[in-house]
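Numbering (the numbering used here), first residue to last: 175 to 396. Just so it is clear, CB atoms sit at the ideal spot from N, CA and C, and this is done for glycine as well. What follows is a set of notes on a single structure, which appears directly below.
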């Protein structure tokens with residue numbers, strides 16, 4: 175790939191089998207859709223769009239032809255393994271500058287958050303097993319940010335019970351203990367939930383005085 179598209183200024187890096195990065199010389203001039211939105215669906219409406227979309231559609235077709243004829247794919251086909259027959263572009267951006275950590279304590283396992291923390295020159299720890307371990311690790315910190323990687327529910331997976339079980343585990347390990355700290359002991363001043371949908375949900379310790387409202391476990395909201 176890198177040899178074929180060197181004149182286009184493209185370089186493909188694959189530090190891990192599940193994470194590939196395409197380096198570009200400048201703004202690609204397109205917008206993209208996350209891969210998870212394309213799984214099991216017609217990809218035509220989800221291809222890169224924008225002023226330079228025609229160029230990128232051509233490049234993606236050329237990459238598909240390149241991969242199709244590659245000896246690695248022939249070997250995979252003989253082994254009845256899935257073929258590497260294309261590249262899905264998504265998540266592009268420009269490396270930010272002058273960023274600051276959003277909280278005194280950061281806990282994350284995902285590469286994006288850890289990379290941003292490194293860029294900000296901030297220490298980031300692994301995600302604790304549960305809320306209790308987090309509070310022990312965060313003793314003395316004014317505030318903290320924990321990035322919980324959640325299982326995405328997709329009807330195409332045909333396994334809703336696995337997703338439901340994951341939500342129950344999140345409730346047991348994280349949300350129920352945090353709710354108790356907020357509503358009973360006052361061990362937390364506030365809890366801010368960023369579910370990744372562009373919204374922010376906040377509960378403060380003042381909620382414990384609203385005794386006429388009964389807290390609901392997370393799974394009951396789905």
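Original post:
Sorted by chain position, which residues of the same chain lie with C-beta nearer than 6 angstroms to residue 262's C-beta, five sequence neighbours on each side aside?
Top reply: 209
Original post:
Relative to the C-alpha of residue 196, which residue among 324, 280, 187 is closest?
Top reply: 187
Original post:
Three or more beta-carbon pairs under 8 angstroms between the stretch 362-375 and the stretch 332-341, yes or no?
Top reply: no
Original post:
When the distance is taken between beta carbons, is residue 200 closer than 9 angstroms to residue 183?
Top reply: yes
**OP:** Return yes when the Cβ of residue 309 is within less than 9 angstroms of the Cβ of residue 356, no when it is not.
**Re:** no
**OP:** May I have the straight-line CA-CA distance separating residue 233 from residue 240, to the nearest angstrom?
**Re:** About 10 angstroms.
Original post:
How long is the line joining the alpha carbons of residue 269 and residue 243, rounded to whole angstroms?
Top reply: Between the alpha carbons of residue 269 and residue 243 lies a gap of roughly 34 angstroms.
Original post:
To the nearest whole angstrom, what separates the beta carbons of residue 279 and residue 315, a pair I think is in contact under 8 angstroms?
Top reply: 4 angstroms
**OP:** Would you grab the beta carbon distance between residue 303 and residue 275 for me? Rounded to a whole angstrom, and I think it's under 8 angstroms.
**Re:** In fact, because the Cβ distance is near 23 angstroms, the residues do not count as touching under 8 angstroms.
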